[in-house]
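Residue numbers (the numbering used here): 279 to 387.
Heads up, the beta-carbon is just placed ideally off N, CA and C, and yes, glycines get one too.
Step one of this worksheet: look at the structure below.
This is the structure:
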């Protein structure tokens with residue numbers, strides 16, 4: 279989180295191993311883990327997320343193995359990443375490639 283409450287991320291949205299014998303990658307990519315949308319699976323340097331979180335400042339962020347959450351100054355909670363088992367809080371199992379506001383927390387400050 280920068281001084282203006284904007285989020286950046288970096289890292290790899292893939293897991294697996296490189297096969298040393300034939301030098302092939304057996305990595306599985308998980309789109310959306312970095313919060314930059316489709317096709318972004320690796321960022322070597324911190325890069326600002328394209329989603330502005332509804333114009334609000336982020337005040338806290340938490341990253342799990344396959345999903346992330348952000349809390350904004352107005353009390354809204356946003357999530358992105360792997361939606362398996364409904365862990366993003368949107369009432370479905372859809373992956374979110376960009377931060378999406380969790381409506382179930384709206385007006386619960």
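Residues near residue i by beta carbon distance below 8 Å, same chain, minus five either side
| i | result |
| --- | --- |
| residue 316 | 309, 310, 375 |
| residue 324 | 286, 287, 288 |
| residue 380 | 354, 355, 356, 357, 366, 367, 368 |
Whole-Å CB distance - residue i paired with residue j, under 8 Å assumed
| i | j | result |
| --- | --- | --- |
| residue 402 | residue 337 | In the structure as shown, the chain begins at 279 and stops at 387. Residue 402 is therefore absent and cannot be evaluated. |
| residue 357 | residue 349 | That belief does not hold up - the Cβ atoms of residue 357 and residue 349 are roughly 11 Å apart, past 8 Å. |
Opening and closing residue of the beta strand (DSSP E) in which residue i lies
| i | result |
| --- | --- |
| residue 319 | Unbroken run through residue 319: none, as it is neither H nor E. |
| residue 379 | 374 to 379 |
| residue 312 | That residue, residue 312, is in no beta strand (DSSP E); it is neither H nor E in DSSP. |
| residue 286 | 286 to 290 |
| residue 359 | 355 to 359 |
| residue 388 | Examination of residue 388 is not possible in this model, given that the chain is present from 279 through 387 alone. |
Which listed residue (the options) has its alpha carbon closest to that of residue i
| i | options | result |
| --- | --- | --- |
| residue 322 | 361, 379, 288 | 288 |
| residue 293 | 285, 307, 341 | 307 |
| residue 281 | 344, 326, 382, 371 | 326 |
| residue 359 | 370, 352, 346, 351 | 346 |
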